[in-house]
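Reading through the structure tokens given below for one structure.
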Amino acid sequence: MMNLHLYMAQRISALVMAPLTLGHIAVMIYAVQGGLSAEEILGRTQGSVFWFLFYGSFVVAVSVHAAIGLRVIVHEHTGLRGAGLAAFTWGTGGLLLLMGARAVHAVTAGGAS
Amino acid sequence: MRYARTHPLWLAYVLHRVSGVALALFLPVHFWVLSYALTQPEKLNQFLSFADQPVVKVAEFGLVFLLAVHMAGGLRLMAMEWLPWSAPQKTLAAGAVGFAFLLSGSFFLQVISI
Amino acid sequence: MPEEAEKLEVSVWRGGADGAYETFQVPAYENQTILDVVSWIQQYADPTLTYRFACRVGMCGSCAMMVNGRPRWTCRTHIRTVVQDGAVQVGPLRNLPVIKDLAADMDPFFDKWVAAGGVHSPSATRHDPMEAIDPQETDRAEASAGIECINCSVCYAACDTVAGNPDYLGPAALQRAWTLYNDAKHDDRVNILDAVSGNGGCHNCHSMGSCTVYCPNELDPMSAIAGLKRETTRNFFRKRR
Chain A
1 MMNLHLYMAQ
11 RISALVMAPL
21 TLGHIAVMIY
31 AVQGGLSAEE
41 ILGRTQGSVF
51 WFLFYGSFVV
61 AVSVHAAIGL
71 RVIVHEHTGL
81 RGAGLAAFTW
91 GTGGLLLLMG
101 ARAVHAVTAG
111 GAS
Chain D
1 MRYARTHPLW
11 LAYVLHRVSG
21 VALALFLPVH
31 FWVLSYALTQ
41 PEKLNQFLSF
51 ADQPVVKVAE
61 FGLVFLLAVH
71 MAGGLRLMAM
81 EWLPWSAPQK
91 TLAAGAVGFA
101 FLLSGSFFLQ
111 VISI
Chain L
1 MPEEAEKLEV
11 SVWRGGADGA
21 YETFQVPAYE
31 NQTILDVVSW
41 IQQYADPTLT
51 YRFACRVGMC
61 GSCAMMVNGR
71 PRWTCRTHIR
81 TVVQDGAVQV
91 GPLRNLPVIK
101 DLAADMDPFF
111 DKWVAAGGVH
121 SPSATRHDPM
131 EAIDPQETDR
141 AEASAGIECI
151 NCSVCYAACD
161 TVAGNPDYLG
171 PAALQRAWTL
181 YNDAKHDDRV
191 NILDAVSGNG
201 GCHNCHSMGS
211 CTVYCPNELD
221 PMSAIAGLKR
231 ETTRNFFRKR
241 R
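Chains as they are written, first to last, in our numbering: chain A, 1 to 113; chain D, 1 to 114; chain L, 1 to 241.
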């Protein structure tokens, strides 16, 4: 169940995420060398404005993108529509945004020493 | 009788949908684990050592593949919709899968080469 | 026929939505379309069998059915190309209500054709001079690509998005909208973009391409819908400025 505005939100969030995804995969390929540790991850990200903006915009875009994508799939497979579908869309987007914001806060806040 | 529709672009559509759902289900878990970083870093480390098992590494390879294939497939769709050239869609769809294997493959080689 | 012909095992949908397949033994001939087989059953085995056809030469678009789970124009499909181990299954078109047996209710299909802005509204009257159109022009070439549509609903039956979302206008109606949008002699071109931008509009398409794969006239509704997405996107940014 899509209209022009949902479509634009879906495609614009996708365009935002394309370079971020490539960057994220590149970081992963680099970071997993020799195993991962919390200290290593935090040493890279804590107090960094760059990584805050990088993962912050990633979380915003993915919340929009996944909420709309799941909305379409739920409508096509269960027939949910109207207020129920709207609640599902906003609920999914809100939950991802909240959990994502907590994660970004946890890995980038503080420790700028 | 089942509706017969298996052709390359339909498979590309199914792959895009399945990878999208899988990523959407994985994300909350990913966020939840990361949010331990500040409050309980030892829990995050516990999780990261759990992720050292070979089975989990293969699962990680799968996740990176899903991410890469969803991105490449999405770029293919947007190119088809917005750019004037659009003819070799099957080739582009196959290219998206190949590109995803390349990316997730190099990730996999890194995780197993310790 | 001189000697006892080989038999085909043909199972045909009988009844409405809660019907079932019924199997008939039909003599196999050297030259035989699916429509010939269905007609044989109606003429020699069971005169109550309901099905729809008119021209028998692929012009009118009324004989489309599901054949072995695939939508096809039955008058132009040779039985030899679909028969599997001497058997074939023929059902009413997918994604449309069944009236009876092989006849599907085409009303939703044509209603959506109109809802997508598919009714031609001329830009000039008969008293105006004739407008000169260059057939090579880009717009005209896009419009010409879609005008061979015979409204058979094969693409509509092929589309999984229609199956999951009954509001979706579907490939045929949207291709018609794209054709008119590119037609210099259509008066209402901008309104088409509004008509295809609603909840059932072109943005629901997932580009799975079954429409283009199964179109019997080898048209390309998937690309026509992509054209609508492109133009509505362009219009979206133009309005903002």
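Beta carbons are placed, not taken as given, at the ideal position from N, Cα and C, and that holds for glycine.
Please list the partners that L:His78 has in chain D, where partner means a Cβ-to-Cβ separation under 7 Å.
For the purposes of this step, residue 78 of chain L is identified with residue 78 of the third sequence, where counting begins at 1. Annotation: L:His78 has no Cβ neighbours in chain D at a cutoff of 7 Å; minimum Cβ distance is about 18 Å.
Checking the sheet assignment: what are the DSSP bridge partners for L:Leu8?
Here residue 8 of chain L is taken as the residue at index 8 of the third sequence, counted from 1. Beta-bridge pairing links L:Leu8 to L:Val26.
Does DSSP classify L:Met66 as helix, strand or coil?
Start at 1 with the first residue of the third sequence, and residue 66 of chain L comes out as number 66. Here L:Met66 carries a strand assignment [DSSP, helix/strand/coil].
Suppose the cutoff is 6 Å on Cβ atoms and the five residues either side in sequence are ignored; what does the same chain contact list for L:Arg56 look like?
Here residue 56 of chain L is taken as the residue at index 56 of the third sequence, counted from 1. In the same chain as L:Arg56, and ignoring 5 residues on each side of it, the C-beta atoms closer than 6 Å to its own belong to Cys75, in chain order.
Which residue wins for smallest C-alpha separation from A:Ile29, given the options D:Leu63, D:Ala72, D:Val18?
Translated into positions along the first sequence, residue 29 of chain A becomes position 29. The option with the nearest alpha carbon to A:Ile29 is D:Leu63.
Below 9 Å between beta carbons: does that hold for L:Arg176 and L:Ala104?
Translated into positions along the third sequence, residue 176 of chain L becomes position 176. Translated into positions along the third sequence, residue 104 of chain L becomes position 104. L:Ala104 is positioned such that its CB atom lies no closer than 9 Å to that of L:Arg176.
According to DSSP, which residues form a beta bridge with L:Ala103?
Here the question's residue 103 of chain L lines up with position 103 in the third sequence. According to DSSP, which records beta bridges pairwise, L:Ala103 is partnered with L:Lys100.
Sequence-distant residues of the same chain with beta carbon closer than 6 Å to A:Ala61, five excluded per side:
To locate residue 61 of chain A, count along the first sequence from 1; it is residue 61. Counting only residues of its own chain and dropping the five nearest sequence neighbours on each side, A:Ala61 has a CB closer than 6 Å to the CB of Ser13, Val16, Met17.
Residues near A:Gln10 by beta carbon distance below 8 Å, same chain, minus five either side
Working through the first sequence from its first residue, we reach residue 10 of chain A at position 10. Cβ neighbours of A:Gln10 beyond the five flanking positions: Met2, Val64, His65, Ile68, Gly69.
Taking C-alpha atoms, which residue in L:Ser39, L:Ala157, L:Pro135, L:His127 lies nearest to L:Asn182?
As a position in the third sequence, residue 182 of chain L is number 182, starting the count at 1. Per the Cα distances, L:Pro135.
So, at 7 Å on beta carbons, what are the nonlocal neighbours of L:Asn191 in its own chain, with the 5 sequence-adjacent residues on each side left out?
Here residue 191 of chain L refers to the residue found at position 191 when the third sequence is read from its first residue. Within the same chain, L:Asn191 has close Cβ partners Gly117.
Cα separation between D:Asn45 and A:Gly56?
Here residue 45 of chain D corresponds to residue number 45 of the second sequence, with the count starting at 1. Here residue 56 of chain A corresponds to residue number 56 of the first sequence, with the count starting at 1. A straight line joining the alpha-carbon of D:Asn45 with that of A:Gly56 spans about 23 Å.
For a cutoff of 9 Å on Cβ pairs, would you count L:Arg140 as touching chain D?
Here residue 140 of chain L is taken as the residue at index 140 of the third sequence, counted from 1. No, its Cβ sits nowhere closer than 9 Å to a Cβ of chain D.
Pull up the distance between the alpha-carbon of L:Ile225 and that of L:Arg72, whole angstroms please.
On the third sequence, residue 225 of chain L is found 225 positions in, with the first residue counted as 1. On the third sequence, residue 72 of chain L is found 72 positions in, with the first residue counted as 1. The straight-line gap from Cα to Cα measures roughly 21 Å.
Using 8 Å for Cβ pairs, my map puts L:Gly91 next to L:Asn151. What's the rounded Cβ distance?
Position 91 of the third sequence, counted from the first residue, corresponds to residue 91 of chain L. Position 151 of the third sequence, counted from the first residue, corresponds to residue 151 of chain L. Between L:Gly91 and L:Asn151 the beta-carbon gap is near 20 Å, outside 8 Å, which marks them as no contact.
Could you tell me which residues DSSP puts in a beta bridge with L:Val88?
Position 88 of the third sequence, counted from the first residue, corresponds to residue 88 of chain L. According to DSSP, L:Val88 bridges with L:Val10.
For D:Arg76, collect the residues of the same chain with a Cβ closer than 7 Å to its Cβ; drop the 5 residues on either side in sequence, then sort them by chain order.
Residue mapping note: residue 76 of chain D aligns to position 76 of the second sequence, counting from 1. Cβ neighbours of D:Arg76 beyond the five flanking positions: Leu92, Ala93, Ala96.
Quick one: list the residues of chain D neighbouring A:Ala9, beta-carbon separation under 7 Å, in chain order.
On the first sequence, residue 9 of chain A is found 9 positions in, with the first residue counted as 1. Neighbours of A:Ala9 on chain D: none; closest Cβ ~14 Å, over 7 Å.
What's the C-alpha gap between D:Val111 and A:Leu53?
As a position in the second sequence, residue 111 of chain D is number 111, starting the count at 1. As a position in the first sequence, residue 53 of chain A is number 53, starting the count at 1. Taking the straight line from one Cα to the other gives about 27 Å.
Could you tell me the distance, in whole angstroms, from the CA atom of D:Phe99 to the CA atom of D:Phe61?
Counting from 1 along the second sequence, the entry for residue 99 of chain D is found at position 99. Counting from 1 along the second sequence, the entry for residue 61 of chain D is found at position 61. Straight-line spacing of the CA atoms in D:Phe99 and D:Phe61 works out to 14 Å.
Indicate whether at least one CB of chain L lies closer than 9 Å to the CB of A:Met17.
Looking up residue 17 of chain A in the first sequence gives position 17. For A:Met17, the answer is no, since every Cβ of chain L falls outside 9 Å of its Cβ.
Which residues in chain L sit within 9 Å of D:Leu9, going by Cβ to Cβ distance?
For the purposes of this step, residue 9 of chain D is taken as the residue at position 9 of the second sequence. Under the 9 Å cutoff, chain L gives Ser207, Met208, Gly209, Ser210, Thr212, Val213, Met222.
Cβ closer than 8 Å: which chain A residues qualify as neighbours of L:Gly201?
To locate residue 201 of chain L, count along the third sequence from 1; it is residue 201. Neighbours of L:Gly201 on chain A, chain order: Met2, Asn3, Leu4.
Does the beta carbon of D:Tyr188 come closer than 9 Å to any beta carbon on chain L?
Here chain D comprises residues numbered 1 to 114, so residue 188 of chain D is not present and cannot be evaluated.
How would you call L:Thr138, buried or exposed, if buried means at least 16 neighbouring beta carbons within 10 angstroms?
On the third sequence, residue 138 of chain L is found 138 positions in, with the first residue counted as 1. Answer is exposed; the Cβ neighbour count stays below 16.
Below 8 Å on the Cβ atoms is my contact criterion, and I expect L:Gly16 with L:Lys100 to pass it. Report the Cβ-Cβ distance as a whole number of Å.
Here residue 16 of chain L refers to the residue found at position 16 when the third sequence is read from its first residue. Here residue 100 of chain L refers to the residue found at position 100 when the third sequence is read from its first residue. L:Gly16 to L:Lys100, Cβ: 6 Å. Contact.
From L:Ala45, L:Thr212, L:Ser39, L:Leu35, pick the residue whose C-alpha is nearest to that of L:Val67; which is it?
Taking the first residue of the third sequence as position 1, residue 67 of chain L is located at position 67. For the residues L:Ala45, L:Thr212, L:Ser39, L:Leu35, the minimum Cα distance to L:Val67 belongs to L:Leu35.
In whole angstroms, what is the alpha-carbon distance linking L:Ala20 and L:Ser11?
Taking the first residue of the third sequence as position 1, residue 20 of chain L is located at position 20. Taking the first residue of the third sequence as position 1, residue 11 of chain L is located at position 11. Those two C-alpha atoms are separated by around 9 Å.
With a threshold of 8 Å, are at least 3 pairs of Cβ atoms found where one atom belongs to the segment 187–207 of chain L and the other to the segment 87–97 of chain A?
Because the criterion of three Cβ pairs below 8 Å is not met, the segment 187–207 of chain L and the segment 87–97 of chain A do not touch.
In terms of DSSP beta bridges, what is L:Tyr21 paired with?
Along the third sequence, read from residue 1 onward, the residue named residue 21 of chain L stands at position 21. In DSSP, L:Tyr21 forms a bridge with L:Trp13.
L:Thr253 by DSSP, collapsed to three states: which one?
An answer regarding residue 253 of chain L cannot be provided, because it is not within the stretch 1 to 241 covered by chain L.
For A:Ala112 and chain D, any beta-carbon pair shorter than 9 Å?
Here the question's residue 112 of chain A lines up with position 112 in the first sequence. Residue placement at A:Ala112 cannot be trusted, given a pLDDT of 46 that sits under 50; what the coordinates show is reported in the next sentence. Closer than 9 Å: no.
In the DSSP assignment, find the unbroken alpha helix (DSSP H) run with L:Ile150 in it and report its ends.
Position 150 of the third sequence, counted from the first residue, corresponds to residue 150 of chain L. Counting along the chain, no alpha helix (DSSP H) covers L:Ile150, and no H or E run does either.
Just to check my reading of the structure: L:Leu96 and L:Ser153 have Cβ atoms closer than 8 Å, yes? What is that Cβ distance to the nearest angstrom?
What you label residue 96 of chain L is simply residue 96 of the third sequence in a count that begins at 1. What you label residue 153 of chain L is simply residue 153 of the third sequence in a count that begins at 1. Rounded, the Cβ-Cβ distance is 7 Å, consistent with contact.
Just grab the DSSP bridge partners of L:His78 for me.
One-based indexing of the third sequence puts residue 78 of chain L at position 78. Paired residues: L:Thr33.
Where are the alpha helix (DSSP H) runs, 4 residues long or more, that stay fully inside the segment 24–97 of chain A, in chain order?
Here the runs fully enclosed are 38–45, 49–78.
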